[in-house]
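>
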Amino acid sequence: MKDFCIDISNSKLFFCIDKNDWCKVSLVDDSDRIKLGAENWPILKEKLESSFVNLSSSKEPEWMLNLSENHCSLYRQTIEGKNIFFGENDQGDLIWRATPITPFEISN
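When you read off a place in the sequence shown, starting at 1, and then add 25, the result is the number in the numbering used here.
1) I need the straight-line Cα distance from residue 85 to residue 121, nearest angstrom please.
2) According to DSSP, residue 117 sits in a beta bridge with which residue or residues?
3) Does the beta-carbon of residue 119 have 16 or more other beta-carbons within 10 angstroms, so that it is buried, or is it exposed?
4) Using the rule of at least 16 other Cβ atoms within 10 Å of the residue's Cβ for burial, across every protein chain shown, is residue 62 buried or exposed?
5) How is the beta strand (DSSP E) around residue 12 delimited, first residue to last?
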């Protein structure tokens with residue numbers, strides 16, 4: 026199994042990829058670990074790369090990715106010049122919000 030992590034402010038998105046390229050995604054913040062769902066790694070990697078390549082200003086929330094297992098979605102929005110990232114559960118409830126990320130590279 027391969028692991029990959031993206032640091033976003035005081036949170037981390039963990040990607041655990043098995044030998045069949047199935048990727049389970051979890052969010053870990055100061056006190057909680059939330060299982061966001063899972064998706065095929067090549068599909069997820071393509072969505073992540075295209076979402077993080079262009080972090081231009083957006084007044085409305087922009088969909089970044091949806092995870093087929095658990096049906097959580099991740100979004101980005103520009104507020105006061107900062108990229109804000111947030112996640113919703115399968116009911117559309119806000120489950121996470123974080124401020125700017127540091128640059129990263131998807132290597133897997």
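For each residue, glycine too, the CB sits at the ideal point set by N, CA and C.
Walking through what the data contain:
1) Here residue 85 refers to the residue found at position 60 when the sequence shown is read from its first residue. Here residue 121 refers to the residue found at position 96 when the sequence shown is read from its first residue. Cα-Cα distance, rounded: 17 Å.
2) Position 92 of the sequence shown, counted from the first residue, corresponds to residue 117. Answer is none; residue 117 lacks a bridge partner.
3) Here residue 119 refers to the residue found at position 94 when the sequence shown is read from its first residue. Its Cβ having fewer than 16 others within 10 Å, residue 119 is exposed.
4) Counting from one through the sequence shown, the residue named residue 62 turns up at place 37. Classification for residue 62: buried.
5) Within the shown structure, residues of the chain are numbered from 26 to 133, placing residue 12 beyond reach of any answer.
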